[in-house]
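Residue numbers (my numbering), protein chains in the order written: chain A, 1 to 241; chain B, 1 to 241. Note that the Cβ used here is the ideal one computed from N, Cα and C, for glycine as well. Please read all numbers here as calculations on a predicted model, not as lab measurements. Single-structure report; data block below.
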């Protein structure tokens with residue numbers, strides 16, 4: 001029954017029909033959504049990620065029989081069927097969960113929009129503006145680089161990153177692929193409002209060492225299935241080498 | 001029919017049964033939810049407000065026949081029936097909408113958790129962390145003080161503020177009431193996780209020049225009805241003076 005479902009879901013994208021064989025029983029870890037970096041008990045830094053792309057990838061991988069762990073920042077989304085969800089808030093929490101699960105993963109997909117920086121100090125009580133105070137400075141320090149740390153594991157899972165950029169998208173994506181030793185990177189232009197963070201649709205280009213595949217504008221659900229197919233193929237090729 | 005609904009909803013809290021007469025046809029403007037202050041096209045500063053308290057107040061005022069305008073920051077909530085909702089993102093946008101509607105309002109309730117500060121510069125493209133960069137600084141400047149500016153209007157609406165604090169709650173609330181020339185302030189302790197921003201419940205103390213009323217732990221819907229009753233009474237007293 002599961003096989004039928006997957007064949008049905010995957011067949012329209014498949015050049016070969018055995019994505020399910022490649023993913024069935026494989027451990028897939030996916031991060032999704034934004035992270036929130038606390039400034040004080042009520043204020044935080046965050047970003048526009050809705051989590052939709054990561055959740056759609058988790059659903060698509062689970063349909064193909066993978067054991068999916070979804071490590072999710074704060075979102076309003078319902079976890080997909082047959083997916084185990086771990087809820088986190090900050091990049092530090094997400095890093096800890098990601099490293100714990102990545103060690104045993106076959107495939108790791110970093111779809112979360114992880115904050116690069118967090119406030120150096122978190123105030124334990126709400127910061128008060130002082131009378132006459134017209135400006136304020138927040139000092140930020142670097143967060144752990146989750147995807148780079150996953151890709152540095154030995155043995156490492158097949159590691160797929162995302163590059164959500166507003167400019168020079170292809171260049172940043174290629175650079176990130178090489179510098180962080182990723183197996184694959186999925187790049188999209190979040191400056192375009194019809195696709196990206198708050199949209200139901202997306203349009204991406206997938207870069208790997210060997211090729212570059214463009215996926216035109218389509219629903220995130222449909223795109224997720226096509227991407228899982230592409231990832232499964234590349235994962236199998238990497239195993240075969 | 002409307003009268004019956006209100007009497008039914010308000011009767012359990014009423015010392016007198018004419019809240020509806022006090023609010024029927026009155027223009028009530030309510031702000032709700034967080035604001036988001038952009039750092040670049042994908043990153044922002046925000047806070048934990050869910051908007052539930054402001055939306056519940058809007059619903060309660062509309063049931064009593066008021067013409068309610070709800071100026072809302074980004075939330076996942078559905079606008080209550082018979083409420084006109086204006087969606088905004090930043091404190092600057094909320095300030096502009098609030099001032100435009102407050103001029104014609106009888107009652108203004110500032111339930112939004114407005115960011116006190118915003119980044120001085122908003123980058124037009126996604127900020128990139130540089131290789132080796134371990135720290136970063138965000139310079140913030142003060143946002144307009146919406147509730148103080150509303151209370152400074154001539155003539156001014158009956159102006160109700162909120163004080164969401166984590167410590168010295170009563171002291172900060174009383175100070176804010178006086179300093180910003182508010183008619184009333186509703187104070188709650190958001191350090192307690194069982195009430196406040198992300199809860200369905202709340203417990204507040206209402207301060208005015210003349211009195212101090214404590215509302216014990218209860219659902220935000222029930223509390224909103226009691227608060228609208230209290231606001232309507234105080235509004236009427238102010239009109240009668």
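Quiz item: Per DSSP, what kind of secondary structure is residue 207 (chain A) in: helix, strand or coil?
Solution: Translated into the one-based positions of the first chain, residue 207 (chain A) becomes position 207. Under the three-state reduction of DSSP, residue 207 (chain A) is assigned to strand.
Quiz prompt | Residues that residue 157 (chain B) contacts on chain A, provided the C-beta gap is smaller than 7 angstroms | solution = Position 157 of the second chain, counted from the start, is the residue given in the question as residue 157 (chain B). Within chain A, no residue comes near residue 157 (chain B); the closest Cβ sits about 24 angstroms away, beyond 7 angstroms.
Quiz item: Between the C-alpha atoms of residue 130 (chain A) and residue 122 (chain A), what's the straight-line distance to the nearest angstrom?
Solution: Taking the first chain and counting its residues from 1, the one referred to as residue 130 (chain A) is at position 130. Taking the first chain and counting its residues from 1, the one referred to as residue 122 (chain A) is at position 122. Across the structure, residue 130 (chain A) and residue 122 (chain A) are spaced so that their CA atoms are roughly 18 angstroms apart.
Quiz item: What is the residue span of the beta strand (DSSP E) that residue 23 (chain A) lies within?
Solution: As a working note, residue 23 (chain A) is residue 23 in the first chain. Counting along the chain, residue 23 (chain A) falls outside any beta strand (DSSP E), though it belongs to the alpha helix (DSSP H) covering 19-23.
Quiz item: What distance in whole Å lies between the Cβ atoms of residue 42 (chain A) and residue 152 (chain B), which are believed to be in contact at a cut-off of 8 angstroms?
Solution: Taking the first residue of the second chain as 1, we reach residue 152 (chain B) at position 152. Taking the first residue of the first chain as 1, we reach residue 42 (chain A) at position 42. So it is not a contact: roughly 26 angstroms between Cβ atoms.
Quiz prompt | Backbone secondary structure at residue 176 (chain A) - three-state DSSP | solution = The sequence position of residue 176 (chain A) within the first chain is 176, counting from 1. Helix.
Exercise. Quick one: list the residues of chain A neighbouring residue 135 (chain B), beta-carbon separation under 9 angstroms, in chain order.
Key: Position 135 of the second chain, counting from 1, holds the residue named residue 135 (chain B). The answer, in chain order, is 117, 120, 139, 140, 141, 142.
Exercise. Output, in chain order, the set of chain A residues within a Cβ distance shorter than 7 angstroms of residue 216 (chain B).
Key: Working through the second chain from its first residue, we reach residue 216 (chain B) at position 216. Those within 7 angstroms of residue 216 (chain B) in chain A number zero; the least Cβ separation is about 23 angstroms.
Self-check item: Residue nearest to residue 216 (chain A) in terms of C-alpha spacing, selected from A:196, A:33, A:91
Solution: On the first chain, residue 216 (chain A) is found 216 positions in, with the first residue counted as 1. Nearest option by C-alpha distance: A:196.
Exercise. Report the neighbours of residue 165 (chain A) on chain B: residues whose CB is nearer than 8 angstroms to its CB, in chain order.
Key: Numbered from its first residue, the first chain carries residue 165 (chain A) at position 165. 126, listed in chain order.
Quiz item: Since residue 235 (chain A) is in the alpha helix (DSSP H), which residue starts that stretch and which ends it?
Solution: As a first step, residue 235 (chain A) must be located in the first chain, where it is residue number 235. That run of the alpha helix (DSSP H) goes 220-240.
Quiz item: If you measure beta-carbon to beta-carbon, which residues of the segment 83-110 of chain B are closer than 8 angstroms to chain A?
Solution: none
Quiz prompt | For residue 96 (chain B), the three-state DSSP class (helix, strand or coil) | solution = To locate residue 96 (chain B), count along the second chain from 1; it is residue 96. DSSP places residue 96 (chain B) within a helical segment (H, G or I) once states are collapsed to three.
Exercise. Note the first and the last residue of the continuous alpha helix (DSSP H) segment covering residue 110 (chain B).
Key: The residue you call residue 110 (chain B) lines up with position 110 of the second chain. From DSSP, residue 110 (chain B) is part of no alpha helix (DSSP H) but of the beta strand (DSSP E) over 107-110.
Self-check item: Per-residue burial, residue 124 (chain A) [other beta carbons within 10 Å of its own, 16 or more giving buried]
Solution: In the first chain, the residue the question calls residue 124 (chain A) occupies position 124. Result: exposed.
Quiz item: Quick one: what's got a C-beta closer than 6 angstroms to residue 107 (chain B)'s C-beta in the same chain, skipping five residues either side?
Solution: For this step, residue 107 (chain B) is matched to residue 107 along the second chain. So the qualifying residues of the chain are 28, 157, 158, 235.
Quiz prompt | residue 226 (chain A) burial status per 10 Å Cβ neighbour count (16 or more: buried) | solution = Residue numbering aside, residue 226 (chain A) sits at position 226 when the first chain is read from its first letter. Buried: at least 16 other Cβ atoms inside 10 Å.
Quiz item: Taking buried to mean at least 16 other C-beta atoms within 10 Å of its own C-beta, is residue 239 (chain B) buried or exposed?
Solution: Within the second chain, numbered from 1, the residue matching residue 239 (chain B) stands at position 239. Sixteen is the threshold: since fewer than 16 other Cβ atoms of the shown chains lie within 10 Å of the Cβ of residue 239 (chain B), the residue is exposed.
Quiz prompt | Contact the segment 132-141 of chain B vs the segment 182-196 of chain B: 3+ CB pairs below 8 angstroms | solution = no
Quiz prompt | Closer than 8 angstroms to chain A by CB, residue 43 (chain B) | solution = Position 43 of the second chain, counted from the start, is the residue given in the question as residue 43 (chain B). When Cβ-Cβ separations below 8 angstroms define contact, residue 43 (chain B) makes contact with chain A.
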